[in-house]
Amino acid sequence: MSEDRLWKFRRPEWLNSIWARNAGVYAAGAFFSLAFYTLLDSAVWSKSALNGSDLHVTFVDWLPFIFSSLGMLIINSVEKARLSADSFSYSGSGVAWKARVVLFLGFAALAGGMAGGVTVFVLKFVVPGVPFPAMGMGVENVVANALVGLSSVVLWVSQNMEDEYSYNLSL
Amino acid sequence: MPTAGLKTIIALSFVLAVGFLLVILSCALWHSYYPLLVVGTYVLAPVPNWVCSHCSNPDDFVESSGAAVLDLGRFCTGFLVVMGIALPVLLAHSSLISIPAMVMSVIGGLLIYGTIISFAMFFQEEQEF
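Note that the protein sequences, when read in sequence, are chains A and B. The first sequence maps to residues 1 to 171 in the numbering used here. The second sequence maps to residues 1001 to 1129 in the numbering used here.
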């Protein structure tokens, strides 16, 4: 077990507990909820009486969020154990290859969503020089996409924790 | 886990009533009934966990298909719990409800959800046998 380790520092013991794993999954849901409601907040604010400008949140502002959510869904639907083909003899018929391709598409969608959020922020808000209360809609767009990314990272890490845990259990 | 007696039930129902009072007051004092959504959110919050725990087989530890369903339930629960806080903040930011109404509905919603969770914790052990 210790011969296989790559890193100098070992993971703390509490990180392997089932409690930490469940807390990670709950936190991922919480981050995703924050992302969704940040974006919904910008949409509601744009239609409310507080928005004095002509700028409104349209479908274009939602598109990066849709892409990053799709990427998150793809990434976390892939079975992680199929990735390491060299340790599993039964995943011979190209399963690991397929998993890598699908995972690549997922990460591309996630990164594309983040880049799209920044693009919308720059093209729609920074370049025309929008003053600040309306500028908040663009900032919220970037924050929402970053939170989706954070959520998928947390979910990924806690799912990998689970693998380690069940491995320890099966020994 | 302490034994759940009559006092626990009385205390929990009292807290639940205070939570509902705060939420309904936050609606009625300002004549905008958006904060009632918080109650629905927190009532719905334990449902994904409950459904998914019935869907999965808890015996298969190594095969992670059962754990994936459980994770989906936990993810949805985390989503709904934060939604209960984020929704009043959203409404207050767009001045659809006022700031005191937001504070009251958030506190009331947390009380309601805390009641549901502690009720489930107190009476979980008896259901298993």
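Where is the CB? At the ideal position from N, CA and C, for every residue including glycine.
Asked                                                                                                               : Found
Contact the stretch 99–112 of chain A vs the stretch 40–60 of chain A: 3+ CB pairs below 8 Å                        : no
6 Å Cβ shell around Leu1036 of chain B - same chain, five flanking residues per side excluded                       : Cys1027
Where the alpha helix (DSSP H) through Asn76 of chain A begins and ends                                             : Phe59 to Ser77
Collapsed DSSP secondary structure at Asn36 of chain A in the structure displayed                                   : Per the sequence presented here, residue 36 of chain A reads as Phe, with Asn not at that position. Looking at Phe36 of chain A - three-state DSSP - the assignment turns out to be helix.
Cβ of Gly1109 of chain B within 8 Å of any chain A Cβ                                                               : no
Residue from B:Ile1085, B:Phe1123 and B:Tyr1034 with nearest C-alpha to Ala30 of chain A                            : B:Ile1085
Distance between Ser1098 of chain B and Ala43 of chain A (C-alpha atoms, nearest Å)                                 : 18 Å
Complete alpha helix (DSSP H) runs within the stretch 1039–1102 of chain B (minimum length 4 residues, chain order) : 1047–1055 and 1065–1093
Per-residue DSSP class, three states only, for Tyr1113 of chain B                                                   : helix
Assumed close pair Met137 of chain A, Val57 of chain A - CB separation to whole angstroms, cut-off 8 Å              : 6 Å
Coil, strand or helix - Leu55 of chain A by DSSP                                                                    : coil
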